[in-house]
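All remarks here apply to the structure that follows.
What follows is the structure, given as structure tokens:
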């Protein structure tokens, strides 16, 4: 009698355990974190409706190593544009690191205002200028890198044409460019080859290349490759023609730069002369120019003078900037 009772208790206990475990397995299989992730991927792969998302197999760049900082940065405008500028300049820092390095620059901009006892408006302007200095350096680095890539495009187009004539496939040619040519253009083509190697369609990888490197000559090269992939033709001859056009364009651009060099020098001198003169007068005779920082009329004149100098610099820049 006792063994029947104990056996019944064991069976009831085992049934309860199995029921709890079955409920847990059902919940984790249908409502759990892994199940939701799998269902989300299946929904995107099976294309439900017109608004289906496009799955990206590429790892997205993070704006910061800290998840909390990244959530804050995602709410700010123009963060994606700043990240593209960092990529264009070839800088390895994240957006969060770049902004963190800009803060000490703003403090350095406040130091002259504190030492010379300038008004609050001028101090804020100097702090803003100091904060913007890393951004200006970023733009300068990006422009210098783009000029270097632009100078390598003709050689790259010839290299592509020679490799295609040798019988290599276009994906292998991308790998050869990434491994044999010099930086920075080799890094861009290496990234394109890695995207293709990871499963990104060739057309999308080439579009990504044109987006990372916004150069007119490179867009012509990408368009030629895309058209050849759709309609066929002798891509090697087209690439040779593009290389010849790029060289002629660079030759004409060099002549234009020589002719505009005098105007650029005049623009630099006229733009920097007021600031250099004011700095020298501040060092030599602070009492003579100090009224500009203390008198309301002097502050107003400083704003007027700064606006006129800025307008003149922008006007001269538009005159001497010739696009070929």
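In this note's numbering, the protein residues as written are 46 to 369.
Idealized CB from N, CA, C, for every residue including glycine.
Quantities reported herein were computed from a predicted structural model and do not represent experimental measurements.
- DSSP places residue 235 within a helical segment (H, G or I) once states are collapsed to three.
- Using a 10 angstroms sphere on the CB of residue 276, the tally of other CB atoms stays under 16, which defines it as exposed.
- Per DSSP, the unbroken alpha helix (DSSP H) holding residue 217 starts and ends at 215-225.
- Where residue 193 is concerned, the enclosing alpha helix (DSSP H) starts and stops at 165-210.
- Only residues of its own chain outside the window of five on either side were considered, and among them 219, 222, 223 have a CB closer than 7 angstroms to the CB of residue 234, listed in chain order.
- Secondary structure of residue 257 (DSSP, three-state): helix.
- A direct Cα-to-Cα measurement between residue 366 and residue 194 gives close to 20 angstroms.
- With 16 or more neighbouring CB atoms inside 10 Å of its own CB, residue 175 falls in the buried class.
- Per the Cβ contact rule, the region 280-291 is in contact with the region 258-270 (3 or more Cβ pairs under 8 angstroms).
- Between the region 153-161 and the region 124-135, the count of Cβ pairs shorter than 8 angstroms is below three; the stretches do not touch.
- Separation of the CB atoms of residue 209 and residue 280 is rounded to 6 angstroms, and the pair is thereby assigned contact status at 8 angstroms.
- The three-state secondary structure of residue 349, taken from DSSP, is helix.
- Here DSSP, grouped into helix, strand and coil, assigns residue 139 to coil.
- In the three-state reduction of the DSSP assignment, residue 265 falls in the helix class.
- The closest CA to that of residue 136, considering only 62, 305, 113, 190, is found on 190.
- Annotation for residue 285: the continuous alpha helix (DSSP H) segment containing it runs 280-329.
- Residue 121 carries a coil assignment under DSSP once its states are collapsed to helix, strand and coil.
- A direct Cα-to-Cα measurement between residue 255 and residue 356 gives close to 33 angstroms.
- Put simply, of 341, 312, 340 the residue whose alpha carbon is nearest the alpha carbon of residue 363 is 312.
- The residue from 144, 179, 299, 214 with its alpha-carbon nearest to that of residue 109 is 144.
- The DSSP-derived three-state label of residue 107 is coil.
- By the C-beta density criterion, residue 197 is buried, having at least 16 other C-beta atoms within 10 angstroms.
- Beyond the five residues adjoining it in sequence on each side, residue 358 comes within less than 7 angstroms, by CB distance, of 312, 316 in the same chain, given in chain order.
- By the neighbour-count criterion, in which a residue is buried when 16 or more other Cβ atoms sit within 10 angstroms of its Cβ, residue 230 is buried.
- Ranking 150, 112, 170 by CA distance to the CA of residue 182 puts 150 first.
- Here residue 158 is near residue 171, since their CB atoms are less than 7 angstroms apart.
- Around the beta carbon of residue 133, 16 or more other beta carbons lie within 10 angstroms, which makes this residue buried.
- Just so you know, the alpha carbons of residue 139 and residue 239 end up roughly 21 angstroms apart.
- Assignment of residue 129 by DSSP, reduced to helix, strand and coil, places it in the helix class.
- In the three-state reduction of the DSSP assignment, residue 335 falls in the coil class.
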